[in-house]
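Enquirer:
Protein chains: 2
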Amino acid sequence: MHRGNVSGPLTIQAQGSFAVGGTVLKTPGSYDNNKPAAAGQSFHGDHLYAFYQVPQNPKALPIVMLHGAFQSARSWESTSDGREGFQTLFLRRGFPVYLVDQPRRGRAGNSTIATTIEPTPNDQLFFDQFRIGKWPSYFDNVQFDRKPETLEQFFRSVTPNTGPYDAAVISDAMSALFAKTGPAILFTHSQGGGPGWLTAIRSPNVKAIVAFEPGSGFIFPQGELPPAMPSAAGTLAPEAVSQAEFEKLTRIPIVIYYGDNFPVEPTPERGQDNWRVRLAMARLWVDAVNRHGGDARLVHLPEIGVRGNTHFLMSDLNNVEIAELVSKFLAEKKLD
Amino acid sequence: MHRGNVSGPLTIQAQGSFAVGGTVLKTPGSYDNNKPAAAGQSFHGDHLYAFYQVPQNPKALPIVMLHGAFQSARSWESTSDGREGFQTLFLRRGFPVYLVDQPRRGRAGNSTIATTIEPTPNDQLFFDQFRIGKWPSYFDNVQFDRKPETLEQFFRSVTPNTGPYDAAVISDAMSALFAKTGPAILFTHSQGGGPGWLTAIRSPNVKAIVAFEPGSGFIFPQGELPPAMPSAAGTLAPEAVSQAEFEKLTRIPIVIYYGDNFPVEPTPERGQDNWRVRLAMARLWVDAVNRHGGDARLVHLPEIGVRGNTHFLMSDLNNVEIAELVSKFLAEKKLD
Numbered sequence: 001m002h003r004g005n006v007s008g009p010l011t012i013q014a015q016g017s018f019a020v021g022g023t024v025l026k027t028p029g030s031y032d033n034n035k036p037a038a039a040g041q042s043f044h045g046d047h048l049y050a051f052y053q054v055p056q057n058p059k060a061l062p063i064v065m066l067h068g069a070f071q072s073a074r075s076w077e078s079t080s081d082g083r084e085g086f087q088t089l090f091l092r093r094g095f096p097v098y099l100v101d102q103p104r105r106g107r108a109g110n111s112t113i114a115t116t117i118e119p120t121p122n123d124q125l126f127f128d129q130f131r132i133g134k135w136p137s138y139f140d141n142v143q144f145d146r147k148p149e150t151l152e153q154f155f156r157s158v159t160p161n162t163g164p165y166d167a168a169v170i171s172d173a174m175s176a177l178f179a180k181t182g183p184a185i186l187f188t189h190s191q192g193g194g195p196g197w198l199t200a201i202r203s204p205n206v207k208a209i210v211a212f213e214p215g216s217g218f219i220f221p222q223g224e225l226p227p228a229m230p231s232a233a234g235t236l237a238p239e240a241v242s243q244a245e246f247e248k249l250t251r252i253p254i255v256i257y258y259g260d261n262f263p264v265e266p267t268p269e270r271g272q273d274n275w276r277v278r279l280a281m282a283r284l285w286v287d288a289v290n291r292h293g294g295d296a297r298l299v300h301l302p303e304i305g306v307r308g309n310t311h312f313l314m315s316d317l318n319n320v321e322i323a324e325l326v327s328k329f330l331a332e333k334k335l336d
Numbered sequence: 001m002h003r004g005n006v007s008g009p010l011t012i013q014a015q016g017s018f019a020v021g022g023t024v025l026k027t028p029g030s031y032d033n034n035k036p037a038a039a040g041q042s043f044h045g046d047h048l049y050a051f052y053q054v055p056q057n058p059k060a061l062p063i064v065m066l067h068g069a070f071q072s073a074r075s076w077e078s079t080s081d082g083r084e085g086f087q088t089l090f091l092r093r094g095f096p097v098y099l100v101d102q103p104r105r106g107r108a109g110n111s112t113i114a115t116t117i118e119p120t121p122n123d124q125l126f127f128d129q130f131r132i133g134k135w136p137s138y139f140d141n142v143q144f145d146r147k148p149e150t151l152e153q154f155f156r157s158v159t160p161n162t163g164p165y166d167a168a169v170i171s172d173a174m175s176a177l178f179a180k181t182g183p184a185i186l187f188t189h190s191q192g193g194g195p196g197w198l199t200a201i202r203s204p205n206v207k208a209i210v211a212f213e214p215g216s217g218f219i220f221p222q223g224e225l226p227p228a229m230p231s232a233a234g235t236l237a238p239e240a241v242s243q244a245e246f247e248k249l250t251r252i253p254i255v256i257y258y259g260d261n262f263p264v265e266p267t268p269e270r271g272q273d274n275w276r277v278r279l280a281m282a283r284l285w286v287d288a289v290n291r292h293g294g295d296a297r298l299v300h301l302p303e304i305g306v307r308g309n310t311h312f313l314m315s316d317l318n319n320v321e322i323a324e325l326v327s328k329f330l331a332e333k334k335l336d
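Chains as they are written, first to last, in full-length UniProt numbering: chain A, 1 to 336; chain B, 1 to 336.
#1: Check whether the Cβ atoms of Ser190/B and Glu213/B sit closer than 7 Å, and answer yes or no.
#2: Run through chain B and tell me which residues come within less than 7 Å of Pro9/A, C-beta to C-beta.
#3: Drop a sphere of 10 angstroms on the beta-carbon of Gly305/A, count the other beta-carbons inside from all chains shown, and report buried for 16 or more, exposed for fewer.
#4: Closest by CA to Phe86/A, which one among Leu186/A, Ile254/A, Gly215/A?
#5: For the segment 37-70 of chain A, which residues have a beta carbon sitting closer than 8 Å to at least one beta carbon of chain B?
#6: Does any residue of chain B have a CB that is nearer than 7 Å to the CB of Asp81/A?
#7: Under 8 Å Cβ-Cβ, which residues of chain B neighbour Ile113/A?
#8: I want to verify the contact list: residues of chain A whose CB lies under 8 Å from the CB of Glu265/B, in sequence order.
#9: So with Cβ pairs under 7 Å, would you call Gln191/B a contact of chain A?
#10: Within 10 angstroms of its Cβ, does Glu332/A collect 16 or more other Cβ (buried), or is it exposed?
#11: Applying a beta-carbon distance threshold of less than 8 Å, which residues of chain A neighbour Ser30/B?
#12: Does chain A have any CB closer than 7 Å to the CB of Asn5/B?
#13: Under the rule that 16 or more other beta-carbon atoms within 10 Å means buried, what is Val20/B, buried or exposed?
#14: What does a CB cutoff of less than 6 Å around His2/B pick up in its chain, not counting 5 residues either side in sequence?
#15: Figure out for me which residue from Phe90/A, Ala108/A, Phe144/A, Pro28/A has the closest Cα to the Cα of Ala39/A.
#16: Any beta-carbon of chain B closer than 7 Å to the one on His2/A?
#17: Taking a Cβ distance cut-off of 8 Å, strictly less, list which residues of the segment 127-158 of chain A are near chain B, in chain order.
#18: Is there a C-beta anywhere in chain B that falls below 7 Å from the one on Thr235/A?
#19: Where are the beta strand (DSSP E) runs, 3 residues long or more, that stay fully inside the segment 23-103 of chain B, in chain order?
#20: Tell me, please, whether the CB atom of Ser78/B is closer than 7 Å to any CB atom in chain A?
#21: Going by DSSP, what residue range makes up the alpha helix (DSSP H) through Ile170/A?
#22: For Asn161/A, which three-state DSSP category applies?
#23: For Asp123/A, decide whether its Cβ has a neighbour in chain B, counting only Cβ atoms nearer than 7 Å.
#24: Determine the extent of the beta strand (DSSP E) in which Val241/B is found, giving its start and end residues.
#25: Specify whether the segment 97-109 of chain B and the segment 62-72 of chain B touch according to this definition: at least 3 beta carbon pairs, one from each stretch, less than 8 Å apart.
#26: If you run the structure through DSSP and keep just helix, strand and coil, what is Asp295/B?
#27: Near Leu330/B, which residues of its chain fall below 6 Å by C-beta distance, leaving aside the five closest residues on each side in sequence?
#28: Taking buried to mean at least 16 other C-beta atoms within 10 Å of its own C-beta, is Arg270/B buried or exposed?
#29: Going along chain A in order, which residues have a C-beta closer than 8 Å to the C-beta of Leu25/B?
#30: Report the residue from Lys328/B, Glu321/B, Ile256/B whose alpha carbon sits nearest the alpha carbon of Glu84/B.
#31: Could you please give the first and the last residue of the uninterrupted alpha helix (DSSP H) stretch that includes Val320/B?
#32: With three or more beta-carbon pairs closer than 8 Å as the criterion, would you say the segment 176-183 of chain B touches the segment 194-212 of chain B?
#33: What's the C-alpha gap between Asp260/B and Thr310/B?
#34: Distance, Cα to Cα, Ser315/B vs Gly68/B?
#35: 7 Å is my cut-off, CB to CB: does Thr310/B come that close to chain A?
#36: I'd like to know whether the C-beta of Ser17/A is nearer than 7 Å to at least one C-beta of chain B.
Encoded structure:
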């Protein structure tokens, strides 16, 4: 049951949770306490939920971790095979850690906009798209445990949107979170990449971004947008922001990591081609940030000899090695 | 930010999260990796999500905490005014603690049955029904901090069902959780009371139940059902189980707590009358358990001089006092 206790006990100075950001809807009329209806009542929604832990003798900058699509803060907790995820690994490295459920997801489920949720069968698509393999085969070198119960845990880490996905709503709440945490480092995963850039534009408290396989929301300055990139998984289009907004991204160090098992040339394999264009767009994005005087870097892990990573780098079998790469980056940038 | 560090550091031996229970839906047909559709794909849903922490030198029996309606594991974390909730208070008391998001709620959002979620304004109803006061006035003695940001946190702890509420689905997943934890103590809140009794019937690993203001699912043996109880908040009806099932509840110690600010005589005040009938039904329930040879007890807190508690006893200003009552109960039953 309690695996992963490989590094001895963990001493926590404080832990807890809260909501931040969001809006309030109000229905006109007066509230009748004994015949309650919508009239005169309010609804709090579109906030995010955060769980924080502060270790003893903490480093100065906390790390805020934002999950990707179909996921929650669960992404950063235990790995699917039950080892320690980045929440606990970075606590052990001395950082206060904040895990977010973004607005309209997980425990931050109250959405100001209605939605319908259906049990959509996506397991096999996720297996392919998140590069565990090509269903039903695992990639030979994949850093994913092959016990059936591990795959089951992976599939059960999925949780739906409880309202329409809206990067602006997410980055509004994330900015409110950074106002509360003070200066901090932002980790994003996948779909979280886009709202992550927007949060750094909005909040001067974002002191660095570590983006794991950003999947959408690649923003470029007006007039500098590269062409959209077609792929077997659809077309990836860049998005425009103002020059002034874009240049806020040049104030902080940024590193982007992508894993293994997708080609740099087009392939009809949908699950892999999806990442070919994302890697290519991310390279252009890094170039754009640096052209404007920024400090961005892209690490395609196979190029440095780190093989077999899925889309969930922070949960892979070599996640301690990935954490070590991140730690070295943070040390180099004097953020630890 | 980091309040509640009143008791010194907390040493954690292991922490993490997982899913347990649930079912798998499968769509007939064959999956085409490069043209993915529903055909041949599966969907994992109706599991629960649990986050666990094990302190150093833990007591033998973990505590599993199950939230109520419109809530998630969030209920047991920080209080709305930012103090330590029962998760951390009972970790400090040496218990491994498991916090649950029940199936179709929070991070266990994948439901096998579709639903529509709408932003339903309920804040004022919750204020009344959870006995913070009679909107917009607080009860004079209420154990709830009056800062506006505290009420805002309370309202933002609400999160919707992502599928139809189903006590059987919940108790199935809870039974699977207790199979995994081994013998353990169950804490339930409000709507969690009903699935809690069902879990104890299903799983011999439930060694005691501490129920905070159970709100529904009062089960009686066939032929021994008391009359339904009308109230200003609707009618509360008992539910039937077999004699054999009911008698499984007589194997374990059970304690039920109810708070303050509702009368024992009928009142037109909806938010209070709701609890009048629940207290009355719970008394009949405790009598039935004990009549069958069980060990159940009901504590109406004002009767022992503990005043001002809302429906969220575990988060109230006097939550350390409530924790102390629970600890004494567990010690008396040799469960600590």
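Backbone N, C-alpha and C define an ideal beta-carbon position, used for all residues, glycine too.
Expert: To lay it out plainly:
#1: Yes.
#2: Thr11, Ile12, Gln13, Gln56
#3: exposed
#4: Taking only the C-alpha atoms, the option nearest Phe86/A is Leu186/A.
#5: Within the segment 37-70 of chain A, the qualifying residues are Ala38, Gly40, Gln41, Ser42, Phe43, His44, Gly45, His47, Tyr49, Phe51, Tyr52, Val54, Gln56.
#6: no
#7: Contacts between Ile113/A and chain B, judged by CB atoms closer than 8 Å, involve Pro119 in chain order.
#8: Neighbours of Glu265/B on chain A: none; closest Cβ ~16 Å, over 8 Å.
#9: Not one chain A Cβ lies under 7 Å of Gln191/B.
#10: The residue in question, Glu332/A, is exposed, as its Cβ has fewer than 16 Cβ neighbours within 10 Å.
#11: Going along chain A, no residue has its Cβ under 8 Å from Ser30/B, so there is no contact; the nearest lies around 10 Å.
#12: Only weak support exists for where Asn5/B lies, its pLDDT of 46 falling under 50; the value from the coordinates is given anyway. It does: the Cβ of Asn5/B has a partner Cβ on chain A nearer than 7 Å.
#13: buried
#14: Since pLDDT at His2/B reaches only 44, below the 50 mark, its modelled position is unreliable, and the value read off the structure follows with that caveat. Cβ neighbours of His2/B within its own chain (closer than 6 Å, five residues either side excluded): none.
#15: Pro28/A
#16: At His2/A, the pLDDT of 44 sits below 50, so the modelled position is not reliable; the number obtained from the coordinates is stated separately. It does: the Cβ of His2/A has a partner Cβ on chain B nearer than 7 Å.
#17: Asp128, Lys134, Trp135, Glu152, Gln153, Phe155, Arg156, Ser157, Val158
#18: So no, Thr235/A is outside the interface.
#19: 23-26, 42-45, 48-55, 63-66, 97-101
#20: yes
#21: 167-181
#22: strand
#23: yes
#24: 239-241
#25: Yes, since at least three Cβ pairs between the segment 97-109 of chain B and the segment 62-72 of chain B fall closer than 8 Å, the two stretches touch.
#26: strand
#27: Asp336
#28: So Arg270/B counts as buried.
#29: Pro119, Pro121
#30: Glu321/B
#31: 319-332
#32: Yes, since at least three Cβ pairs between the segment 176-183 of chain B and the segment 194-212 of chain B fall closer than 8 Å, the two stretches touch.
#33: 6 Å
#34: Gly68/B has its alpha-carbon roughly 13 Å from the corresponding atom of Ser315/B.
#35: For Thr310/B, the answer is no, since every Cβ of chain A falls outside 7 Å of its Cβ.
#36: yes
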